[in-house]
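Read the structure below first, then the notes.
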Ligand code: SF4
Ligand code: SF4
């Protein structure tokens, strides 16, 4: 008799785990940096699960994320597209929506219809518009990504034109050199991310009353959410749980395997 | 296996470098083809040909050259094989499909050239492909800009004839293509020293039509709910058909089709019932480019049709065999070839009509539209292809890739998600 549904989402920078009971309530969730080796990360997660007193024999385990193949104890691997869609549906209670997942190194736009994936786009060729871009720019400005995002609220009228992260970084450095206000530089960074993401999302956003939900590592960055809403001309929802959408979706998938 | 080193040396090939290419091929063939279960018996022929792809056929070509026959190398399905064969010449496809050849191509071409062109130029200049050495004359065409300019570079190294392919399909363009074909015929006569008569051209038209019909028979079997052959195997057959003798090619394809028809009547399928059926469309897949088929078919789906030049565009539409004068025959050739729908033309809505028709004929669950990196023609057409299909409720996945393996995992995620979506 299986008592638990466990979803493990090994992303490029962060690994998220969600443990559900059979009534599909999340009873535990935890995260850790992915580090150099997703195989080691997967082993650490197994240790964490055991420490919670969970016997993996009583659990269905589904792995997702780019490191999904590194989880030898998983019953199944499912792509992050399917899992983020299922997770967003669970967290936001939507049957028809566009999910924007801004991950560490990629961005996914997923269109959900009747509760399942109807279409999707993925950008994993370049880091513009991803968490990685934000991290690099925050480093350059010597602030945390969270602080950079909030600082941006008070900035305006500055922009970065390069799409390439490396060139964008040198633009930021020259803005600093020119004595531009940090708030304005922060605004330029956030605006660049939001523009990039919005231009990708536009392809999949339906004309009539779309619901847009954010999942992934940047879902708690409220100013980013506001910028996106502004650029997409629609309301954008996010919640702290959005970070666990992939893991929750993977856990839910386990139900199909029982 | 026969040792072909002497032959390669005589062809002036870079033996050392070529040996490294020969080393990796058996593994790839093992992984992609031999690992499959329940393959049609008739695939033995293509397994043999591909395992010695730089030996068996090149050796045959050289033997024919010794008898005085000329070999013409081509790069596009617009170049009419019939004309060459009517003058007792031999045609061989020359498109490069491996990353192995790309660096030698990049030595002279911009990096932002499509990998097919870079590999083709690299295979010639790097002296690492016997077919590129053997061909007495290359036949290029004015299709995409990348190829046009690359032919100028290749032309410095080997005799080259360029055919001026129209960019539109108006009546006057069809007439113009007919004139191009007639001019090509003169060139071939001069180069081979053989006259092209209406009788000989009639015979070669028949030969190539038979080859087309045989390829079409295999594809007809792929329309069955009970799928008797994997996409990988069908692709291999297709790719080799560009190199093989057309009469033998027809014979082998017919033999394969016989077996496939029997499989269908016995209910033998290579995939479990309910496996999602994929139509692949886009830029050509030259040997040994098996990357997409391999990823799709190891992600739980099956490729049932390729709307590509290494696919339906190669064999659909026959040339009218009833014409008796050269002039009429050239026109019949032009009419048939101008039905091929390539993104080099504008408008090219015929391609979308073809895809929509094939989605129905091949009972397709989803379409994957993929172009080689830096092919802006097919890349641009993705927009209209995906819009037209989505309007009809057909799921589409648009991809872009090259010959490297670096994006294999990213492709696996996209294709895996697409298959999960079709299964949901
Ligand atoms: S894609 Fe166009 S240019 Fe390339 S082989 Fe086909 S017809 Fe020729
Ligand atoms: S794939 Fe595109 S760019 Fe490459 S040779 Fe064919 S038409 Fe030209």
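Chains as they are written, first to last, in this note's numbering: chain E, 849 to 1106; chain W, 19 to 442.
The beta-carbon is built from N, C-alpha and C at its ideal position, and this holds for glycine as well.
Quantities reported herein were computed from a predicted structural model and do not represent experimental measurements.
Discussion item. With a threshold of 6 Å (Cβ to nearest heavy atom), would residue 96(W) be considered close to ligand 1?
Written reply: For ligand 1, a non-hydrogen atom lies closer than 6 Å to the CB of residue 96(W).
Worksheet entry | Bridge partners - residue 178(W), DSSP secondary structure assignment | BP columns for residue 178(W) point to 156(W).
Worksheet entry | Under 8 Å from the C-beta of residue 438(W): neighbouring residues of chain E | Per Cβ cutoff of 8 Å: 926, 927, 929, 930, 965.
Worksheet item: Closer than 6 Å: is that where the CB of residue 394(W) sits relative to any heavy atom of ligand 1?
Response: Taking 6 Å as the cut-off, the C-beta of residue 394(W) does not count as close to any heavy atom of ligand 1.
Worksheet item: Terminal residues of the continuous alpha helix (DSSP H) containing residue 408(W)?
Response: It spans 394-409 - the alpha helix (DSSP H) in which residue 408(W) sits, taken as one unbroken run.
Worksheet entry | Secondary structure of residue 1086(E), DSSP reduced to three states | Per DSSP, reduced to three states, the secondary structure at residue 1086(E) is strand.
Fill in: residue 96(W) - DSSP class collapsed to helix/strand/coil
Note: residue 96(W) maps to coil in three-state DSSP.
Practice prompt. Taking only the alpha-carbon atoms, compute the straight-line gap between residue 400(W) and residue 1058(E) and give it to the nearest angstrom.
Written response: The straight-line gap from Cα to Cα measures roughly 25 Å.
Worksheet item: Using a threshold of 6 Å, is the CB atom of residue 135(W) nearer than that to any non-hydrogen atom of ligand 2?
Response: It does: the Cβ of residue 135(W) is within 6 Å (strictly closer) of some heavy atom of ligand 2.
Discussion item. Using the three-state DSSP reduction, which class does residue 338(W) fall into: helix, strand or coil?
Written reply: Reduced to three states, the DSSP call for residue 338(W) is coil.
Worksheet item: Using a C-beta cutoff of 7 Å, does residue 432(W) count as contacting chain E?
Response: At least one CB of chain E lies nearer than 7 Å to the CB of residue 432(W).
Worksheet item: Where does the unbroken beta strand (DSSP E) through residue 428(W) begin, and where does it stop?
Response: Unbroken run through residue 428(W) is the alpha helix (DSSP H), 426-441; no beta strand (DSSP E).
Item to complete: Name the one or two DSSP bridge partners that residue 203(W) has.
Response: In the DSSP assignment, residue 203(W) is bridged to no other residue.
Worksheet item: Sorry if obvious, but does the Cβ on residue 327(W) come closer than 6 Å to a heavy atom of ligand 1?
Response: Yes - ligand 1 has a heavy atom lying nearer than 6 Å to the Cβ of residue 327(W).
Worksheet item: So which residues on chain W does residue 968(E) lean against when the C-beta distance must stay under 9 Å?
Response: Going along chain W in sequence order, the residues near residue 968(E) (Cβ under 9 Å) are 415, 432, 435, 436, 439.
Item to complete: Kindly examine ligand 4 and report whether one of its heavy atoms sits closer than 6 Å to the Cβ of residue 172(W).
Response: Annotation note on ligand 4: not contained in the displayed structure, which lists ligand 1 and ligand 2 as its ligands.
Discussion item. I'd like the span of the beta strand (DSSP E) that includes residue 323(W), first residue to last.
Written reply: Looking at the DSSP string, the run of the beta strand (DSSP E) that includes residue 323(W) is 319-325.
Worksheet entry | For residue 878(E): DSSP bridge partner residues | In the DSSP assignment, residue 878(E) is bridged to 865(E).
Item to complete: Would you kindly check if the distance between the Cβ of residue 268(W) and the Cβ of residue 229(W) is under 7 Å?
Response: Yes, the Cβ-Cβ distance between residue 229(W) and residue 268(W) is below 7 Å.
Discussion item. Closest to residue 323(W) by C-alpha separation, out of 40(W), 435(W), 373(W), 335(W), would be which residue?
Written reply: Closest in C-alpha terms to residue 323(W), from the list 40(W), 435(W), 373(W), 335(W), comes 373(W).
Item to complete: Run the proximity test for residue 362(W): is its beta-carbon closer than 6 Å to any non-hydrogen atom belonging to ligand 1?
Response: Yes, ligand 1 has a heavy atom inside 6 Å of this Cβ.
Discussion item. Short of 8 Å in beta carbon distance, which residues of its chain neighbour residue 56(W), apart from the five on each side in sequence? Order them along the chain.
Written reply: Close CB contacts of residue 56(W) within its chain, under the 8 Å cut and outside five residues either way in sequence, are with 286, 288 (chain order).
Discussion item. Looking at the strands, I want to know which residues DSSP matches up with residue 363(W).
Written reply: In the DSSP output, where bridge partners are listed per residue, residue 363(W) has none listed.
Worksheet item: Which residues in chain E sit within 7 Å of residue 442(W), going by Cβ to Cβ distance?
Response: Chain-ordered, the chain E residues with CB closer than 7 Å to the CB of residue 442(W) read 964, 965.
Worksheet entry | Alpha-carbon spacing of residue 135(W) relative to residue 157(W), whole angstroms | One C-alpha to the other measures close to 14 Å.
Practice prompt. Name, in chain order, the residues that DSSP records as bridge partners for residue 895(E).
Written response: DSSP output for residue 895(E) lists no bridge partner at all.
Fill in: Three-pair Cβ contact test at 8 Å for the segment 983-1001 of chain E versus the segment 1009-1021 of chain E
Result yes; three or more Cβ-Cβ pairs closer than 8 Å.
Discussion item. Measuring only the C-alpha atoms, how far is residue 217(W) from residue 100(W)?
Written reply: Cα to Cα, the separation comes out at about 12 Å.
Discussion item. I want to check one thing, is the minimum distance from the CB of residue 12(W) to the heavy atoms of ligand 1 below 6 Å?
Written reply: Missing from the structure shown is residue 12(W); chain W here goes from 19 to 442 and no further.
Item to complete: Report back the beta-carbon spacing between residue 247(W) and residue 278(W) to the nearest angstrom; my notes put them in contact at under 8 Å.
Response: At roughly 6 Å, the Cβ-Cβ gap stays under 8 Å, so residue 247(W) and residue 278(W) are in contact.
Practice prompt. If I'm right that residue 185(W) touches residue 362(W) with Cβ under 8 Å, what's the distance once you round it to whole angstroms?
Written response: 7 Å between Cβ atoms; contact.
Item to complete: Pick helix, strand or coil for residue 1070(E), following the three-state DSSP scheme.
Response: It is helical.
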